[in-house]
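Basically our numbering = 1-based index in the sequence shown + 196. Glycine included, each C-beta is placed from N, C-alpha and C at the ideal position. Take a look at the structure set out below.
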Amino acid sequence: MGNSKPDSLKDDFANERRDASGAFRLFFDQAAGGLAVIDLDGICKRVNPAFCRMIGYEEDEIVGKSILEFTHPDDRVKTMDDRDVALNKNKNKTNRTEKRYLHKDGHIVWGVVDRAVAVDGDGTPLHTIGQIQDITELKRTQESLRKIEDFHNRA
197 MGNSKPDSLK DDFANERRDA SGAFRLFFDQ AAGGLAVIDL DGICKRVNPA FCRMIGYEED
257 EIVGKSILEF THPDDRVKTM DDRDVALNKN KNKTNRTEKR YLHKDGHIVW GVVDRAVAVD
317 GDGTPLHTIG QIQDITELKR TQESLRKIED FHNRA
């Protein structure tokens, strides 16, 4: 009976981890915005359904591939530079950027990416987690407004 309290604490801890893991999985899978877990080499480890819908691919078409395969060619260097900033130079290990993705059907999808670096107990980076909001309509509206302004400025 002397071991029942430590065993009970172990069981409680295991249950809490399982509950937290389940809650994370539920949040990840049901989030309205895109979520992606990317390893330190830029390989997609996990993506949620919202991200898949955003860029038009199934999860198994994304996972295991470089995020750069889904990134507009003109944004690939910036994507890696922003990742490096989050990994190396930023005390908070976070950053925000706008970038373009390539939808499976060929059109461009604009996203604002909030990136965080997940670290282990020693502070060693494990992977990055990106939260991606589709801002394509906003970008179209901004472009339309720019064209109207240009037209009025020429008149």
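Alpha-carbon to alpha-carbon, residue j and residue i
i           : j           : result
residue 341 : residue 274 : 26 Å
residue 261 : residue 239 : 5 Å
residue 219 : residue 227 : 12 Å
residue 235 : residue 338 : 33 Å
residue 327 : residue 346 : 34 Å
residue 277 : residue 331 : 21 Å
residue 325 : residue 301 : 25 Å
residue 351 : residue 343 : 12 Å
residue 223 : residue 270 : 32 Å
residue 335 : residue 293 : 14 Å
residue 280 : residue 348 : 42 Å
residue 322 : residue 221 : 18 Å
residue 245 : residue 307 : 15 Å
residue 252 : residue 259 : 14 Å
residue 320 : residue 242 : 20 Å
DSSP bridge partner residues for residue i (one or two, in chain order)
i           : result
residue 327 : 231 and 310
Cβ distance (whole Å) where residue i is taken to contact residue j below 8 Å
i           : j           : result
residue 290 : residue 314 : No, residue 290 and residue 314 are not in contact; Cβ-Cβ is about 11 Å, not under 8 Å.
residue 296 : residue 305 : 7 Å
residue 266 : residue 298 : 6 Å
residue 272 : residue 283 : Rounded, the Cβ-Cβ distance is 17 Å, inconsistent with contact.
Opening and closing residue of the alpha helix (DSSP H) in which residue i lies
i           : result
residue 346 : 332-350
Ignoring anything shorter than 4 residues, give me the alpha helix (DSSP H) runs that lie fully in the segment 234-307, in order along the chain. 245-251, 255-258 and 272-280
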